[in-house]
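Enquirer: Below you will find the structure I want to go over with you.
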Amino acid sequence: MKKFYAFFAVVIVLNIIFLFLGNKPEIKNASTGDKPKLRVGLVFDVGGRGDKSFNDSAYNGLQRAIKNLGIEAQYVEPGEGSDRSSALNRLAAQNFDLIIGIGFIFTDDITNVAKKHPERKFAGVDFVVNQDKDGKDIPPPSNVAALKFKEEEGSYMAGALAALKTKTNKIGFIGGMDIPLIHKFESGYKSGAKMINPNIEVISNYAGVTGAAFKDPAKGKELATSQYNNGVDIIYHASGSTGLGVFEAARNLKKLAIGVDSDQYSEAPGFILSSMVKKVDVAIYDIIKDTIDGKFSGGAKIFGLKQGGVSLIYDEHNKALIGDTVHKKLEEINNKINNGLIKVTL
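Using my numbering, the first residue of the sequence shown is number 1216, and each one after it goes up by one.
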C-alpha cells in the first residue's frame, strides 16, 4: 500500500512539472513585441550638438527615430583625433547594431572599425568615397553606408537667389575648413550666381585649415564684416557654428545672409534671406528605418535636389524677403536641374 501511495505521489509531481514546462511563457521585448529594439550609436562631428546646423540636424533625425521607430540610442561628442576611433570602437564593443559617424572626418575611422567588426552596420554622413587611378570609385566595406549629399546643387540655388537679390552686384561666400567638401558649396554657389549674371563678383574666404574653423563665430564675424564693408550685400556660409558670427555681422550692418544645413532664420530674423538645407536628419532617419526593415545595404546613398536631400527654405518667414517673382524663377531653375536641363558640375 505504501508503495502505491509513493508511486501515486511521483506521478502527481511529474504531471505538475510537465504542466509547468508546457506552459512556459515566451520572453519578449516589453516595448517592441517579438523584435528587440535596434540599438543605434551616433558620434557627432567637430562642433557637436548646439551648432544650430549640421550636428543639430543629425540629432533631430536621431530623436525622430527614437520617437517613431522605437529604437534605443546613444550619442557621443568626441574630442579631436583618436577620440573618434575610440568612440566608434566602444559602441561596436557595446553591441550597438548601427553606428553612425557625422562628418567626412570619420571616413578613415569608420572604414577601419567596420573592418574589425563585420557583424555591425555602419553609416557615415559625408563619407568620402575615394577613387582609383582610373577614376573609378573604391567602394567602402560592405557593412558601411556612405550617406552623401549633392551640396553643389543646393548651393547652386543659393547662388542664383543671391544673384537675383543683390543690389551691389557683389556677393560673398564664407567657408569653414578649406577642404574639398566645402569647395562643393563654393563651386555650386558661384555657378548658380554666374548663371543669372555672368558679370557678378563673388568674394570667398575660409575660416581656417583645421576642424576648429567650423566652430569659430568670432572669425566668422570678422570675415563677414570685412566682406560687407567692401560692398558685398549677401553672404552664403558653409561653416558650421562659425556662421553664427556671419549672422551677427549681417544683423549689425543691416545686410543679408544665407544659412546652411538647417533653417537658420531664427538666428537673425529679417536678415536671413534663406537657408540651403542639407537634410542630414532625413538621411539619419532613413538609414535607421532601412536597417529595421532589413533593407540596409553598403555603398553610396545620394541625396540631391531630386531626392529631397537639399533645398532652399521658402516659407512664411522669408517669402517677403525673396518675393514671388524671384521664387518662381528659382522654381524654374530647380525643375531644370531635376530634369537634367541644367547640370551642376564641380
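Glycine included, every Cβ here is placed at the ideal spot set by N, Cα and C.
1. If we count the other Cβ atoms within 10 Å of its Cβ and call it buried at 16 or more, is Ser-1477 buried or exposed?
2. Run through DSSP, which three-state label would Asp-1341 get?
3. Applying the criterion that 16 or more other CB atoms from any shown protein chain within 10 Å of the CB defines a buried residue, is Pro-1355 buried or exposed?
4. Applying the criterion that 16 or more other CB atoms from any shown protein chain within 10 Å of the CB defines a buried residue, is Leu-1376 buried or exposed?
5. Rounded to whole angstroms, what is the Cα-Cα separation between Thr-1383 and Asp-1501?
6. Which residues share a DSSP beta bridge with Phe-1518?
7. Measuring only the C-alpha atoms, how far is Phe-1337 from Ile-1394?
8. Pull up the CB-CB distance for Ser-1512 and Ala-1360, whole angstroms please, since I reckon it's below 8 Å.
9. Using alpha carbons as the reference points, say which of Tyr-1480, Val-1495 and Ala-1433 lies closest to Ile-1315.
10. So, does the stretch 1312-1331 touch the stretch 1255-1262, judging by three or more C-beta pairs under 8 Å?
11. Regarding Ser-1370 and the ligand SAH, is the C-beta to nearest heavy atom distance less than 8 Å?
12. In the structure shown, what three-state DSSP assignment does Ile-1548 receive?
13. With H, G and I counted as helix, E and B as strand and the rest as coil, what does DSSP make of Tyr-1529?
14. Look at the alpha carbon of Gln-1479 and the alpha carbon of Val-1525, and state the distance between them as a whole number of angstroms.
15. Here's the rule: buried if 16 or more other CB atoms are within 10 angstroms of the residue's CB, otherwise exposed. What is Val-1559?
16. Along the chain, where does the alpha helix (DSSP H) that runs through Gly-1387 open and close?
17. Would the stretch 1328-1347 count as touching the stretch 1521-1538 if we require 3 or more Cβ pairs under 8 Å?
18. Can you check which of these residues, Gly-1458, Leu-1362 and Leu-1306, is closest to Asp-1266 by C-alpha distance?
19. Are Ala-1273 and Ile-1503 closer than 9 Å when you measure CB to CB?
20. How would you label Ser-1481, buried or exposed, when you count the other beta carbons within 10 angstroms and need 16 or more for buried?
21. Give a yes or no on contact between the stretch 1403-1414 and the stretch 1429-1448, applying the rule of three or more CB pairs nearer than 8 Å.
22. With a 10 Å radius around its C-beta and 16 neighbouring C-beta atoms as the bar for buried, classify Lys-1348 as buried or exposed.
23. Could you give the C-beta distance for Asp-1189 and Arg-1299, rounded to a whole number, given that I count them as a contact under 8 Å?
24. Can you round the beta-carbon distance between Ala-1378 and Ile-1411 to whole angstroms, since I take them to be within the 8 Å contact cut?
25. For Gln-1346, which option in Asn-1550, Ile-1537 and Ala-1515 has the closest C-alpha, if you only look at C-alpha atoms?
26. Is Ile-1415 helix, strand or coil when you go by DSSP?
27. Helix, strand or coil for Lys-1382? Go by DSSP, reduced to three states.
28. Check whether chain B comes within 9 Å of Ser-1301, counting only Cβ atoms and requiring the distance to be less than that.
29. Tell me whether the beta-carbon of Phe-1462 lies closer than 9 Å to the beta-carbon of Ala-1472.
30. Quick check on DSSP: helix, strand or coil for His-1452?
Expert: In short:
1. buried
2. coil
3. buried
4. buried
5. 42 Å
6. Phe-1364
7. 24 Å
8. 7 Å
9. Val-1495
10. yes
11. Looking at this structure, you won't find the ligand SAH or any other ligand, since it has none at all.
12. Helix at Ile-1548.
13. Tyr-1529 falls in the coil class under three-state DSSP.
14. In a straight line, the C-alpha of Gln-1479 is about 14 Å away from that of Val-1525.
15. buried
16. Per DSSP, Gly-1387 belongs to no alpha helix (DSSP H); it is in the beta strand (DSSP E), 1385-1392.
17. no
18. Scanning Gly-1458, Leu-1362 and Leu-1306 for the CA closest to the CA of Asp-1266 turns up Gly-1458.
19. no
20. exposed
21. no
22. With fewer than 16 other Cβ atoms within 10 Å, it is exposed.
23. Any question about residue 1189 goes unanswered here, given that the chain covers just 1216 to 1561.
24. In this structure Ala-1378 is in contact with Ile-1411, their Cβ atoms being roughly 4 Å apart against a cut-off of 8 Å.
25. Ala-1515
26. coil
27. coil
28. Among the chains in the structure shown there is no chain B, since it carries only a single protein chain.
29. yes
30. strand
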